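For the sequence shown, this note's numbering assigns the number 173 to the initial residue and increments by one for each residue that follows.
Just so it is clear, CB atoms sit at the ideal spot from N, CA and C, and this is done for glycine as well.
Remember, predicted model here, so these are calculated numbers, not experimental data.
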Amino acid sequence: MARNKIQFQPGLSLTEFLQHYGTERQCRQALFQWRWPTGFVCPACGHTRYCELKCRLLFQCNRCHRQTSLTSGTIFAATKLPLTTWLLAIYLVTQSQTSVSALSMSRTLGVASNTALLIKHKLQQVMKLRDDSKPLAGFIQLDDSYWGGKKHDGNRGRGATGKLPFIAAVTTNDVDHPLNMRFTPVRSFSLEAVTAWAADHLAPGSTVVSDGLGCFNALDRAGHEHTVIITGGGPDSVKIPEFKWVNTIIGNVKNSLRGTFHAISEKHFHRSLAEFCYRFNRRFDLRRLIPRFCFIAARTLPFPARVLKVAEFHA
Numbered sequence: 173m174a175r176n177k178i179q180f181q182p183g184l185s186l187t188e189f190l191q192h193y194g195t196e197r198q199c200r201q202a203l204f205q206w207r208w209p210t211g212f213v214c215p216a217c218g219h220t221r222y223c224e225l226k227c228r229l230l231f232q233c234n235r236c237h238r239q240t241s242l243t244s245g246t247i248f249a250a251t252k253l254p255l256t257t258w259l260l261a262i263y264l265v266t267q268s269q270t271s272v273s274a275l276s277m278s279r280t281l282g283v284a285s286n287t288a289l290l291i292k293h294k295l296q297q298v299m300k301l302r303d304d305s306k307p308l309a310g311f312i313q314l315d316d317s318y319w320g321g322k323k324h325d326g327n328r329g330r331g332a333t334g335k336l337p338f339i340a341a342v343t344t345n346d347v348d349h350p351l352n353m354r355f356t357p358v359r360s361f362s363l364e365a366v367t368a369w370a371a372d373h374l375a376p377g378s379t380v381v382s383d384g385l386g387c388f389n390a391l392d393r394a395g396h397e398h399t400v401i402i403t404g405g406g407p408d409s410v411k412i413p414e415f416k417w418v419n420t421i422i423g424n425v426k427n428s429l430r431g432t433f434h435a436i437s438e439k440h441f442h443r444s445l446a447e448f449c450y451r452f453n454r455r456f457d458l459r460r461l462i463p464r465f466c467f468i469a470a471r472t473l474p475f476p477a478r479v480l481k482v483a484e485f486h487a
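This is the structure in structure tokens:
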């Protein structure tokens, strides 16, 4: 059997990465190009002429004299870490086939575990915001799923406590190959939750196939072409061709999460799912993942620790 060219592409080796981003100077030059591809632009007045204060690593506008650092206004704002550490963290997250734990990242980067966790959450936030800005379109396989085990409190089934519900969606092309995925936690599988999800994540006029779960009737109300296939539950339900890819990818993501993490906080579960979605949606060219990610990271607003501590998922 021929190898899948996408799955077995070489990606960017660590040796190549260090050749391009192994020094602080290289990282600063790269970030400057990602942030200002056509040259410096003052964030205050839009002027393009500037001078560089080398002793303080600041850029000063020649018109309004506003001083701007390379990282201000980006996801890297106010960092005390060198850019080489940030770029290596981005390499670990984007080039991983599954995921990398904060503990493993802390050992590789040589930083405290809490620092590594904060870095990872910030990178995941960039991924989530980017994918959320691009609604799914075309033919979409949709399914409901849960993460986690139920608590032994007598509640069973869909109402079991301890389980985190999420909507899984996968778009396919004309030859039934998967293109993009979007896994989104929801408070519950209700008409209101699915209506809000569809408004945020589906392009108008999408074609959606789902099982017989009642809450998915919200897709008809939202104006999408919606086909319902009653699966009947049980092991045979996952073999239905119309749900082949969404079921396959749900299984792959769950296995990867279980194999990497001891536990995932409900508060941050949405970002963990977003990380998988981001990598999957850009898997066709792994070598360009770092430049593409950093281009967006340089345009993502700061996400300080005080915001992270109170930023919970809201559906």
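Put residue i into one of helix, strand or coil per three-state DSSP.
i      : result
His398 : strand
Pro474 : coil
Gln179 : coil
Cys217 : coil
Leu190 : helix
Ile236 : Note on residue identity: the sequence assigns Cys, not Ile, to residue 236. It is coil, neither helix nor strand.
Cys227 : coil
Thr257 : helix
Pro337 : strand
Val391 : Position check: residue 391 holds Leu in this sequence, whereas Val was assumed. Helix.
Thr251 : coil
Ser241 : strand
Ala365 : helix
Thr480 : This sequence places Leu at residue 480; Thr is not what is there. Leu480 falls in the helix class under three-state DSSP.
Leu184 : coil
Gly211 : coil
Leu458 : helix
Ile436 : coil
His486 : Since pLDDT at His486 reaches only 47, below the 50 mark, its modelled position is unreliable, and the value read off the structure follows with that caveat. It is coil, neither helix nor strand.
Gly386 : helix
Ile262 : helix
Lys411 : helix
With residue i as the anchor, note down where its alpha helix (DSSP H) starts and where it stops.
i      : result
Leu169 : Because the chain spans 173 through 487 in this model, residue 169 falls outside it and cannot be assessed.
Cys199 : Glu196 to Arg207
Leu445 : Phe441 to Asn453
Cys233 : No alpha helix (DSSP H) holds Cys233; the beta strand (DSSP E) holding it covers Leu230 to Cys233.
Cys466 : Leu461 to Ala469
Ala281 : Residue identity differs from the one stated: residue 281 is Leu in this sequence, not Ala. Its alpha helix (DSSP H) spans residues Ala274 to Leu281.
Ser268 : Looking at the DSSP string, Ser268 is not in any alpha helix (DSSP H), and its letter there is neither H nor E.
Ser428 : Lys416 to Thr432
Please name the residue or residues paired with residue i in a DSSP beta bridge.
i      : result
Val564 : It is not possible to answer for residue 564, since the shown part of the chain is limited to 173 through 487.
Leu374 : Leu308
Trp319 : Leu336
Tyr222 : Cys233
If I follow the unbroken beta strand (DSSP E) through residue i, where does it start and stop?
i      : result
Val381 : Thr379 to Ser382
Would residue i count as contacting chain C if we go by Cβ distances under 9 Å?
i      : result
Leu264 : In the structure shown, chain C cannot be found, because there is only a single protein chain.
Report yes or no: do three or more beta-carbon pairs, one from the stretch 204-222 and one from the stretch 440-451, lie closer than 8 Å? no
Using 8 Å as the threshold, is the stretch 250-267 in touch with the stretch 222-239, meaning 3 or more CB pairs across them? no
Touching or not, the stretch 385-398 and the stretch 360-367, by the rule of three or more beta carbon pairs under 8 Å? yes
Using 8 Å as the cut-off, can you tell me whether the stretch 267-278 makes contact with the stretch 196-209, which would need three or more C-beta pairs spanning the two stretches below that distance? no
Three CB pairs or more closer than 8 Å across the stretch 332-342 and the stretch 308-323: yes
When you compare the stretch 450-470 with the stretch 241-251, are there three or more beta-carbon pairs, one atom per stretch, that lie closer than 8 Å? yes
Cβ contact (3+ pairs, closer than 8 Å) linking the stretch 293-304 and the stretch 455-462: no
Are there three or more Cβ pairs, one per stretch, closer than 8 Å when the stretch 391-405 is compared with the stretch 374-383? yes
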